[in-house]
Amino acid sequence: MFSEEKKSKNYGSIFLYCFFCFVLIVEVARFAKPYYNLQNLMETEAVVEEGFLALEDSEKLPCRLLSRPSVSVPSQDQQKLSQAVTQDTRTRPPNSYCVKFQSFITMAKQVKENGGKYESRPFSVGGYNWTFIIYPNSDIPSGSGGYISLYLRIDNSTLITNPKDVYADITFLAYKGSTDKYQSYQETDAQRFHLFRQQWGQITFLPIAYFENPGYGYSFDGGSVVFGVDINIVKPFENWEVFSNEQNIRDPIFEWRLTKFSTLFKDSYTSGSFSSGGRNWALKLYPNGVGNATGNSLSLYLLSESNDKGYVEAKLRVIDQIQSNHFDKKVAAWPNATENGWGFDRFLPFADIKNTSKGYLVNDTLKLEVQIFSFSKTDFFSHQSSVFFPISYGDSI
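If you read the sequence shown in UniProt numbering, its first letter stands for residue 1, the second for the next number, and so on.
(1) Could you spell out the range, first to last residue, of the alpha helix (DSSP H) harbouring K109?
(2) When the Cα atoms are used, what is the spatial distance from I253 to L298?
(3) Our contact map puts V99 next to S124 with C-beta atoms below 8 Å; I'd like the distance itself, whole angstroms only.
(4) Can you name, in chain order, every residue of its own chain whose Cβ lies under 8 Å from the Cβ of G228, other than the five neighbours on each side?
(5) Could you tell me which of L302, K358 and S103 sits nearest to G310, measuring between CA atoms?
(6) Compare the Cα-Cα distances from F205 to each of A293, Q186, A190 and F380 and report the closest residue.
(7) So, using beta-carbon positions, are N137 and G115 closer together than 8 Å?
(8) Write down the C-beta distance between F350 and L316 rounded to the nearest angstrom, noting that I regard them as a contact closer than 8 Å.
(9) Sorted by chain position, which residues of the same chain lie with C-beta nearer than 6 Å to V73's C-beta, five sequence neighbours on each side aside?
(10) Please check the pair F375 and G277, which I expect to be a contact at CB under 8 Å, by giving their CB distance rounded to whole angstroms.
(11) Taking the beta strand (DSSP E) that E212 falls in, what are its first and last residues?
(12) Indicate whether K367 and E238 have their beta-carbon atoms separated by less than 8 Å.
(13) Under 7 Å from any heavy atom of the ligand NAP, does the C-beta of D169 make it?
(14) If we count the other Cβ atoms within 10 Å of its Cβ and call it buried at 16 or more, is G341 buried or exposed?
(15) Do I105 and G223 have their C-beta atoms within less than 8 Å of each other?
(16) Tell me which same chain residues have a C-beta within less than 6 Å of the C-beta of A293, skipping the five on either side of it?
(17) Just to confirm, are Y118 and I134 a CB contact at a threshold of 8 Å?
(18) Quick check on this structure: which residue in Y128, G126, R90 and P141 has the alpha carbon closest to the alpha carbon of K112?
(19) Starting from L348, follow the beta strand (DSSP E) in both directions and report where the run begins and ends.
(20) Measure how close the beta-carbons of Q198 and N156 come, nearest whole angstrom, since I'm counting them as under 8 Å.
(21) If you check the beta carbons only, do N280 and S306 fall under 8 Å apart?
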C-alpha cells in the first residue's frame, strides 16, 4: 500500500516538471521569433542591394538612375549636400582642367606626408592662375569624414597685379567609367575670390570608397580615377546708370512775353531757349489750341531742348498783369507722347483770356511763366581700368 502511494506521488512530480518545461519552451520561442524575422528582413535587404549593384554594374539600372536608393558605403557618414549645391551627370568633359591618377590608392598613400593633399600644377583660366587641390584621405581636411574633398585656389599674384574681386561659377567633376559619364557638383551661386579669400571647395564631394572599390564605377583600368573642374569667370557689370531727382533748381523761373497776341497767326510758337537747373528748356504755345482744345483753349507746354524724357514737376502760369491773381496749373508727369513735353492741351479757355477783368491780356500782351521745381535725371557710368566716371547725363533716349 505504501509503495502504490509513493509511485502516485512520483508521477505527479514528473507531470508538473514536464508542464513547466513546456511553458518555458513556448515563451523562449515567442521571444525568439522577432529576432528571426529581423534576420530574414536584413538578409532580404542585402539581396535587394546586391541586385541594385548588379544592375548598375551591368549598365541596366532602371530609368538610367545613377544613384542607389538604399545602398550605403560602410563606415561612411553620408552628409547631405546643401541646397546651394546641385548634382548632375553629363558626357561633356571638364572645360578648365583635369587630373588623372593611374592609381588612386597609391596616390592617397603618397600624399599623406604632404599635408594629405595633391596640388595640380598652376593653370590659367580667364586671365587668372588657379590650382586644383584634391584631398583623397579620410578626415583631411577636418570635417570631411570619409569623403573626397576638392578645392580650387586662385594665385594671389594675379590678384595683386589686378586687385579686384573675381567671381566664378565652379563645378567639380569625377569620371565614372562604368557609365562613361561625369558626376558633377555645382554651387548655384558664383564664388567670390579676393586677396583675403583665395580658396573655395566642396568638403564632402563623394565617398572615398567610390574610388577605392571598382564596383562603384569610378575606378577603372586597374585603379585609375579622373577628377576635373569647370571655372566660368563671371564678369561684373561695366556699364550702369543712376536714376535720381534734381530738386535744388538754379534759376527755376522763366518768363515769356508775347506782344500783339491778337495778330498771332501760326499754329504754334516756341520761346527762346533758357537754362534752368543746368538744362536747356523752351516753352511752346498753341494760341488757337491743339487737339481737342482747338478753337476753345490755349495750349501750353514745357519742352526739353536736349530731348530729355524724365519726370518733371513744374508750374505753367499766365500772369495777371492787374491784380497779380495769376492762373497756373501744376504738371507732375513724364512727357506727353504727342508733344514730347510737359503741359496741357486745355490750359486756359479763350473766354478767360478775353475777360479784361482777369488781367491776362493787357495792351494785347500776354505774359507766360514757368517755374520748375524738380526733374529726374539718369547718370550713365562706365568702369574702365577700375576708374568710375559718368559718360553723360539726363534721361535722353
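Note that the Cβ used here is the ideal one computed from N, Cα and C, for glycine as well.
Fair warning: this is a prediction, and the values are worked out from it, not measured in the lab.
Straight from the coordinates:
(1) F104 to Q110
(2) 20 Å
(3) With 8 Å as the limit, V99 and S124 do not qualify as a contact, their Cβ atoms being about 16 Å apart.
(4) P93, P94, S96, Y97, C98, V99, F172, L173, A174, Y175 and Y182
(5) L302
(6) Q186
(7) no
(8) Actually they are not in contact, since the Cβ atoms of F350 and L316 sit about 17 Å apart, beyond 8 Å.
(9) Any reading at V73 must be qualified, since the residue scores a pLDDT of 32, below 50, and its modelled position is unreliable; the value itself is stated next. Answer for V73: P207 and A209, listed in chain order.
(10) 6 Å
(11) Note, E212: premise wrong, no beta strand (DSSP E); alpha helix (DSSP H) at A209 to E212.
(12) no
(13) This structure lacks the ligand NAP; in fact it carries no ligand of any kind.
(14) buried
(15) yes
(16) S299, D345 and R346
(17) yes
(18) P141
(19) G341 to P349
(20) 6 Å
(21) yes
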